[in-house]
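Asker:
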């Protein structure tokens, strides 16, 4: 990831209200995609419902939630809610 560590905990992320962003404005920070996580029905059961995005130097980086973003793209959605 090109940005410095933000130091946000899971609780800190939960305090940020989700907002809609266009899918084509997100840049992923992950190099691998776990297919089993993509296809799992309960993939967000233990985590946040919203992907986490970090804005750095005008770009929006998808730090967490690649599987949710890909599912949205496969459903042909142009926007996604992120924290």
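Residue numbers (my numbering): -16 to 66.
Beta carbons: idealized from backbone N, C-alpha and C, even for Gly.
Being a predicted model, the structure only gives us computed values, none of them experimental.
Please confirm if the region -16 to 2 is in contact with the region 34 to 51, defined as three or more CB-CB distances below 8 Å between the two stretches.
Answerer: The region -16 to 2 is in contact with the region 34 to 51.
Asker: Can you pull the DSSP bridge partners for residue 11?
Answerer: Working through the chain shown from its first residue, we reach residue 11 at position 28. According to DSSP, which records beta bridges pairwise, residue 11 is partnered with 45.
Asker: Given this structure, state the Cα-to-Cα distance separating residue 54 from residue -11, to the nearest angstrom.
Answerer: The sequence position of residue 54 within the chain shown is 71, counting from 1. The sequence position of residue -11 within the chain shown is 6, counting from 1. When rounded, the distance between both Cα atoms is 26 Å.
Asker: Please check the pair residue 36 and residue 4, which I expect to be a contact at CB under 8 Å, by giving their CB distance rounded to whole angstroms.
Answerer: Locating residue 36 in the chain shown gives position 53, counting from the first residue. Locating residue 4 in the chain shown gives position 21, counting from the first residue. Rounded, the Cβ-Cβ distance is 7 Å, consistent with contact.
Asker: For residue 36, which three-state DSSP category applies?
Answerer: Taking the first residue of the chain shown as 1, we reach residue 36 at position 53. It is a strand residue.
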